[in-house]
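Engineer: Residue numbers (my numbering): -18 to 582.
1) Compute the beta-carbon to beta-carbon distance between residue 159 and residue 198, rounded to the nearest angstrom, for a pair I have assumed lies under 8 Å.
2) For the pair the region 254 to 270 and the region 207 to 226, tell me if three or more CB-CB distances fall below 8 Å.
3) Closest by CA to residue 94, which one among 135, 115, 118?
4) Considering only the alpha carbon of each residue, which of 3, 202, 127 lies closest to residue 422?
5) Would you please state the rounded distance, in angstroms, between the beta carbons of residue 413 and residue 429? I believe it to be under 8 Å.
6) What are the boundary residues of the alpha helix (DSSP H) that residue 285 is part of?
7) Is the region 440 to 450 touching the region 361 to 378 in the sense that three or more CB pairs, one from each, lie closer than 8 Å?
8) For residue 203, collect the residues of the same chain with a Cβ closer than 8 Å to its Cβ; drop the 5 residues on either side in sequence, then sort them by chain order.
9) Roughly how many angstroms lie between the CA atoms of residue 45 and residue 184, to the nearest whole one?
10) On the DSSP letters alone, give me the boundaries of the beta strand (DSSP E) that residue 522 sits inside.
11) CB residue 392 to CB residue 457, shorter than 8 Å?
12) Between 246, 284, 528, which has its C-alpha nearest residue 339's C-alpha?
13) When you compare each of 488, 510, 504, 498 to residue 519 by their alpha carbons, which one comes out closest?
14) Closest to residue 107 by C-alpha separation, out of 87, 78, 116, would be which residue?
15) Tell me the residue span of the alpha helix (DSSP H) that contains residue 430.
16) May I have the straight-line CA-CA distance separating residue 180 from residue 90, to the nearest angstrom?
17) On the criterion of 16 or more Cβ atoms from any shown chain inside 10 Å, does residue 133 qualify as buried, or is it exposed?
18) For the alpha helix (DSSP H) that residue 442 lies in, which residues bound it at each end?
19) Note down the Cα distance separating residue 13 from residue 6, rounded to an integer number of angstroms.
20) Please report the Cβ distance between residue -14 and residue 166, rounded to the nearest whole angstrom; I am assuming they are in contact, meaning their Cβ atoms lie under 8 Å.
21) Let me know the secondary structure DSSP gives residue 169 once reduced to three states.
22) For residue 245, which residues of its own chain have a beta-carbon under 8 Å away from its beta-carbon, when the five flanking residues on both sides are left out?
23) Going by beta carbon distance, what residues of the same chain come within less than 6 Å of residue 253, once the five residues before and after it are set aside?
24) Could you check if residue 263 is buried or exposed, using at least 16 other CB atoms within 10 Å of its CB as the buried criterion?
25) In the structure shown, what three-state DSSP assignment does residue 485 receive?
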């Protein structure tokens, strides 16, 4: 085994699209742990959905060897992390298993909002940070400008910043040398009682649960009896090893190592990310500090299209939960859609990814209800309670309601400032600060309701700024709001899965949008279909799907007009009878259409 002083554990963090996965590709290629013919772009992004969207969703760990200039062989363990704000929980877990962080900055874009928040996350864990300026091969790269931003915006020493091009491989040798010299080796005693932190895990059909660990103290070897400290369950270690793209069995992991353990853990719910593994023989006195509990901010219900598929969906959710520790769910049920689950997500992209993964990885065809945030509601004479599901909203009078607010940080080129400030004003944002970072870039700080950011804020921000503005937020507190429930009625029958909680002044616009979208999705029937939005007994929006008409006048050519009228009256009476008995079937696309924001004309 490699001595502690020749090991380095670090992660690659950055704002979205700054080149983390490409840099990981170059490091892997340099170490030659995989043959050139097997090498491909984004090699660590092993989900199809990651490749298609060009984003990283899951953190991936890899161990690579490196022969340094000092003549010694080092073992480098690194984690490629996601950049999107919705997956910051993944980043926090990766950071907990490292001593250092490469903070990647795009030479053309400069420091962006997620760069700042990732740096603070790394500092919270006392990590050594080495700034890396990437994409120096591009004609629009502004290296002196970015170095100034590293000093001015981040307060880091720009003289240690490494200049690389992850695409061409320029500067990678110097970067690997900097990893060895700048990052500290891990601390730990091989002979101490075992303490290993579970920072991730995934489900393998043939091996059961594969647990990703960082060994802080002691050693773990095949055949050991281990205990998970939070649940006190015990297992026998079947296999241990490190990640070199594929699993590489080593038989033992020691203090400072990052690797995997397979111990015949059958069910998904037995493992908790952030838990500590120790041995039964010589247990550790106390568990390691885990991660902060994940706090979902967006809630939505999910139902199988065919209610007979509920059990399959339940299994799929359990397996997803193991692979995605930030997913929170509980059982739910709806009159229109049957049994399902109420889920909590870290953001709308997180919701979208879960939906796609359910459809691709588990062949589940599902319906999601409109996303909502968690409100505080006070009823007369009752205590405060939380509501995130319109079905739980108390009918009748409520004394007061509160909604979550966020502290939003937007960094934008100054030419788009006007339109972005107007967007924030429309979304009920209160400007707290505006600061020019340099001649071209402005940092805006706003307080705004989380519910306003849910639907289309991010898309509009990107389109108004031509993709240059970056956005980061944290949930701060709850504030008073005027909350109401919008019911959607189809032929006077409420559809519980389409109900929404909304800020009262926005209710009419929201109801109109939902009714318009449903009108475009519901197929015409033999009878008229009324789609209505209502607050209690008051109708605030309406659309009508006109019936398909058979041409009953085809056989009347000429002749007295009363003959035509008689035929039309007969048809009208038949349609009225049909309406009394007619139930409207809502297609899946109708539920999805309500979720998608209307495109700006």
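Positions of the beta carbon are idealized from the N, C-alpha and C atoms, including for glycine. These figures come from a predicted structure and were not determined experimentally.
Structural biologist: With the given structure in hand:
1) A Cβ-Cβ distance of about 28 Å is found for the pair residue 159 and residue 198, leaving them out of contact under the 8 Å criterion.
2) At 8 Å Cβ cutoff, the stretches touch.
3) By alpha-carbon distance to residue 94, the top candidate from 135, 115, 118 is 135.
4) Residue 422 has its Cα closest to that of 127, out of 3, 202, 127.
5) Taking 8 Å as the upper bound for CB-CB distance, residue 413 and residue 429 are not in contact here, some 10 Å apart.
6) From DSSP, residue 285 is part of no alpha helix (DSSP H) but of the beta strand (DSSP E) over 279 to 285.
7) Of all C-beta pairs linking the region 361 to 378 to the region 440 to 450, fewer than three are shorter than 8 Å, placing the two stretches out of contact.
8) 218, 219, 220, 221, 232, 233.
9) Put simply, the backbone Cα of residue 45 is about 24 Å away from that of residue 184.
10) In the DSSP assignment, residue 522 falls within the unbroken beta strand (DSSP E) covering 519 to 526.
11) No.
12) Comparing Cα positions, the closest option is 284.
13) Out of 488, 510, 504, 498, 488 has the C-alpha closest to the C-alpha of residue 519.
14) A check of alpha carbon separations from residue 107 across 87, 78, 116 identifies 78 as the nearest.
15) Looking at the DSSP string, residue 430 is not in any alpha helix (DSSP H); the run it does join, the beta strand (DSSP E), is 422 to 430.
16) Per the coordinates, the alpha-carbon of residue 180 lies some 31 Å from the alpha-carbon of residue 90.
17) So residue 133 counts as exposed.
18) Residue range 438 to 445 is occupied by the alpha helix (DSSP H) that includes residue 442.
19) Each residue's Cα considered, the two are about 11 Å apart.
20) Contact between residue -14 and residue 166 holds, with the beta-carbon distance rounding to 5 Å and staying under 8 Å.
21) Here DSSP, grouped into helix, strand and coil, assigns residue 169 to coil.
22) Counting only residues of its own chain and dropping the five nearest sequence neighbours on each side, residue 245 has a CB closer than 8 Å to the CB of 189, 216, 217, 219.
23) Shown here for residue 253: same chain residues with a beta carbon closer than 6 Å to its own, the five before and five after excluded, namely 211 in chain order.
24) Of the residues assessed, residue 263 falls on the exposed side of the cut-off, its CB having fewer than 16 other CB atoms within 10 angstroms.
25) Correct three-state label for residue 485: helix.
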